[in-house]
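These notes concern the structure reproduced below.
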Amino acid sequence: MKSYVFVLLAIATATTAGLACSPVDQEVVSEGVPDMVTNPLLAEWNTPFGVPPFDQIEDAHYLPAYRAAILEHRAEIETIIANPQAPTFDNTIVALERSGGRLQRVDNVFSAVNSAHSNDTIREVAQTVASELSSHNDDINLNADLYVRVKSVYDRRDSLTLTPEDRKLLEETNKTFVRSGVGLDEATKSRVREINGEIATLSEKFGKNVLDETNDFDLHVTDRTDLGDLPSSLVAAAAAEAKRRGHDGGWSITLQRPSCNPFLQYSPNREMRKRVFMGYAMRGDRDNASDNKPILARMAALRAERSKLMGYANHASFILSDNMAENPERVFELLDKVWRPALRVAQAERNALEEMMHRDGIQGELEGWDWRYYVEKVRRERYDLDEDLLRPYFEFNAVRKGTFEVATKLFGLTFHELANVPKWHPEQQVYEVKEANGDHLGILYMDFFARESKRGGAWMNDLRAQNRLDGDVKPIVTNNFNYPPPAADGPSLLSFDEASTLFHEFGHALHGLLSDVKYTSLSGTNVPRDFVEFPSQVMENWMAEPEVLRLFARHYETGELIPDELIQKLQAAAKFNQGFATVEYMAASYLDLAWHTLESNGAQSPRDFETAAMEKIGLMEEIIPRYRSTYFSHIFEGGYSSGYYSYLWSEVLDADAFEAFKETSLFDPDTASRFRRLLSRGGSRPGMDLYQEFRGRAPVIEPLLERRGLVEAES
32 MKSYVFVLLA IATATTAGLA CSPVDQEVVS EGVPDMVTNP LLAEWNTPFG
82 VPPFDQIEDA HYLPAYRAAI LEHRAEIETI IANPQAPTFD NTIVALERSG
132 GRLQRVDNVF SAVNSAHSND TIREVAQTVA SELSSHNDDI NLNADLYVRV
182 KSVYDRRDSL TLTPEDRKLL EETNKTFVRS GVGLDEATKS RVREINGEIA
232 TLSEKFGKNV LDETNDFDLH VTDRTDLGDL PSSLVAAAAA EAKRRGHDGG
282 WSITLQRPSC NPFLQYSPNR EMRKRVFMGY AMRGDRDNAS DNKPILARMA
332 ALRAERSKLM GYANHASFIL SDNMAENPER VFELLDKVWR PALRVAQAER
382 NALEEMMHRD GIQGELEGWD WRYYVEKVRR ERYDLDEDLL RPYFEFNAVR
432 KGTFEVATKL FGLTFHELAN VPKWHPEQQV YEVKEANGDH LGILYMDFFA
482 RESKRGGAWM NDLRAQNRLD GDVKPIVTNN FNYPPPAADG PSLLSFDEAS
532 TLFHEFGHAL HGLLSDVKYT SLSGTNVPRD FVEFPSQVME NWMAEPEVLR
582 LFARHYETGE LIPDELIQKL QAAAKFNQGF ATVEYMAASY LDLAWHTLES
632 NGAQSPRDFE TAAMEKIGLM EEIIPRYRST YFSHIFEGGY SSGYYSYLWS
682 EVLDADAFEA FKETSLFDPD TASRFRRLLS RGGSRPGMDL YQEFRGRAPV
732 IEPLLERRGL VEAES
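Counting from 1 along the sequence shown, just add 31 to a position and that's the residue number in my numbering.
What follows is the structure in structure tokens.
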């Protein structure tokens, strides 16, 4: 048998009185501080609906804007600390909530652009500002004098006249200080500061390396037969990519998922499939200038050390103590319950694929680079379903229209495209979202296509979070994707999975748009990590329903509605390859927890550590984790450390929640109204309380196992 490793190889210290910086820090933060009027990031935004003035913002504006906003925030915090009046909910907790508004605005814009349309200058700013923001946040969260005021209010919480949302804000504010280490001695605080700063810098470097490794790969194909049955729209996109990369003809396959995954699915050239597969799997693991192994190992060690300083056994215990799951043991309990049946299904799938490969005259064992190719062949044979026949019905604008149709039917929302608003990229689409009565609800930016300046995956950002603290502030949210861009002679046609991703991210957008709370920090998606994916994943359920497909799935050329026969084939094949999909996802979830249940640095190299972790759970040799450690941006660049399991945790909720609609109707007004209320509360109440209020009971796991075809395998 092959081994898993074979497959891989084929801010200054706070004083006791306020937030004074050291002279060096003050000089750094003050350097190049601009006038509040001349820098568009700091000036008032006289734009439609108050959207960011992307057409005026230049790369050189970001760092000075950050530094000016940090200074302003520091002054606001000093004012709170120096207030001679006794601490109250308003002059301390609400004042803290109001503080840093301009800094948050700058950070929202920069983070969105850095993720979706970056360049060398912006990435340099990200590296520089990461440590400065970390230091600034520590100056606040580790300040003993500030916490004296917060704790004074918190200790009197039962005697104060507070609304439930007020009380939640107070609890979360106190928790932030405690979990940051405000109660530690000064020497330990100093070490926590050092750790936070180093992690912030390493995280930015990790993400840059992944982007560089992804962009550097180019498989130049010169023989059309090596593309196999690659859909014509993707053939055209590959030709355009080859031209962009300076090739005289041919087709370029990249490591962007819209390029590499279809190639693995359709190319009959096994050696080329291997090159693409290994190119993807070995990103950040080539012992070159972009190698991420030392970075991630250092981050894991720093997180383990910090957790010990905070009084926790490991990073996972620290993170999960503030999530719905509460501790690693409960996460492992969920994962283990699904892992065993999923592995059995994946093994049966492997056998079927290997049999097909042998019938093709290729002997030996199925390899990772064979899986998607033979999945497509078996799907065609078993279900008479060719995914290429689906793409013409999923032109990206049609799918986007489908998400809007669902929101209209569920909540009465309408979407109106805006032509004359600033954008960070000309390909973006921007919509005003209105209530059924015509009232303005918010603004939605959508950025659809893959490019070298955009990180991989799909995500949602807040450009402005909803709140009612000082007037009725409406949300501005973004959805970001990595779809194949339209070729010169055709549109961008999506696979079924890519179309589902649009519904998923739109669910995040709805979570932000439908928010109806007083405080920004409790608004929209500001919820525990293992609840944040619930609204997005539940939205995916609607797309696969025949009633919804008939709303939007029309052939992009003929306008023909998707045939019932094709819908029936889709439904018949819905559980096909779910063993693989579940196993590769769960392997990454186990890997995340393996890194973050470490209680010390450990003796193994990152590659050996990963191999041992996967062998421990019995991962099949033909499957690698959805994200290997060296490009696992969710946990080493984003905010999902010890939280990648949350997609499965949320899927338990979403599968059970969708049953409430299936028990009535897909667009039942009463069920939709209760679901909207759940979405509207953001983080103002515990997620499980909101869920049980909606469903009338705790969630059950059976709908998830049934959906993924794991019921028989479990028994």
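Cβ atoms here follow ideal geometry from the backbone N, Cα and C, with glycine treated the same way.
Computed from a predicted structure; not experimentally measured.
Within 10 angstroms of the Cβ of T556, are there 16 or more other Cβ atoms? Answer buried if so, exposed if not. buried
With three or more C-beta pairs closer than 8 Å as the rule, is the stretch 449–456 touching the stretch 391–403?
no
**Cβ neighbours of S183 in the same chain (closer than 6 Å, five flanking residues each side left out)** = P118
Item checked: Y311 beta carbon less than 8 Å from that of L286 -> yes
* To do: Please confirm if the stretch 483–497 is in contact with the stretch 222–231, defined as three or more CB-CB distances below 8 Å between the two stretches.
  => no
Worksheet item: Is Y678 helix, strand or coil when you go by DSSP?
Response: helix
TODO: Would you mind sorting P79 into buried or exposed? The rule is 16 or more other CB atoms within 10 Å of its CB.
DONE: exposed
Q. Roughly how many angstroms lie between the CA atoms of E652 and E646, to the nearest whole one?
A. 9 Å
Euclidean distance between Cα positions of G214 and D169: 13 Å
My parser needs the alpha helix (DSSP H) runs of 4 or more residues fully inside the stretch 544–627; what are they?
560–563, 565–574, 577–583, 595–603, 609–627
Problem set entry | Local Cβ density within 10 Å of G280, reported as buried at 16 or more and exposed below that | exposed
Exercise. Which residues mark the beginning and the end of the alpha helix (DSSP H) in which G310 is found?
Worked result: 301–312
- Query: Can you find at least 3 beta carbon pairs, one from the stretch 541–558 and one from the stretch 493–502, that sit closer than 8 Å?
  - Reply: yes
| How should N513 be labelled, buried or exposed, when 16 other C-beta atoms within 10 angstroms of its C-beta is the threshold for buried? | buried
- Item | Spatial distance of P769 from F427 (CA atoms) | Only positions 32 to 746 of the chain appear in the structure, and residue 769 is not among them; the question remains open.
TODO: Have a look at V144, T110, A143 and flag the residue whose alpha-carbon is nearest the alpha-carbon of G131.
DONE: T110
query = Is Y671 helix, strand or coil when you go by DSSP?
reply = coil
Taking the CB atoms as reference points, tell me whether M570 and H627 lie closer together than 8 Å.
no
Note to self: Check this for me: beta carbons of P515 and A268, under 8 Å apart or not?
What the structure shows: yes
Supposed contact pair G610 and A379 - C-beta distance, whole angstroms, cut 8 Å:
7 Å
Note the first and the last residue of the continuous alpha helix (DSSP H) segment covering L177.
175–186
By the three-class DSSP mapping on this structure, what secondary structure does F349 have? helix
query = Quick one: what's got a C-beta closer than 8 Å to M388's C-beta in the same chain, skipping five residues either side?
reply = L397, D401, Y405
Cα-Cα separation, F692 to P717: 23 Å
Along the chain, where does the beta strand (DSSP E) that runs through T445 open and close?
445–448
- Item | Residues that D493 bridges to, as DSSP identifies them | V508
Using 10 angstroms around the beta-carbon of S61, count the other beta-carbons present and answer buried if the total reaches 16, otherwise exposed.
The predicted position of S61 is uncertain, since its pLDDT is 48 and thus under 50; a value taken from the coordinates is nonetheless stated next. The residue is exposed, with fewer than 16 neighbouring Cβ atoms inside 10 Å.
| Cβ neighbour criterion (16 or more within 10 Å) applied to R98 | buried
Problem - Spatial distance of T152 from Y722 (CA atoms) - result: 44 Å
ask   = Does the distance from the C-beta atom of R581 to that of A429 stay below 8 Å?
value = no
Since L164 is in the alpha helix (DSSP H), which residue starts that stretch and which ends it? 151–172
- Task: Apply the 10 Å Cβ neighbour rule to P730 and answer buried if 16 or more other Cβ atoms are within range, or exposed otherwise.
- Result: buried
TODO: State the Cα-Cα distance for the pair F308 and S166, rounded to the nearest angstrom.
DONE: 40 Å
>> Helix, strand or coil, according to DSSP, for K454 in the structure here?
In response: coil
* To do: Could you check what DSSP says for H278 in three-state terms: helix, strand or coil?
  => coil
Check: Mapping DSSP to helix, strand and coil, what is L684?
Finding: helix
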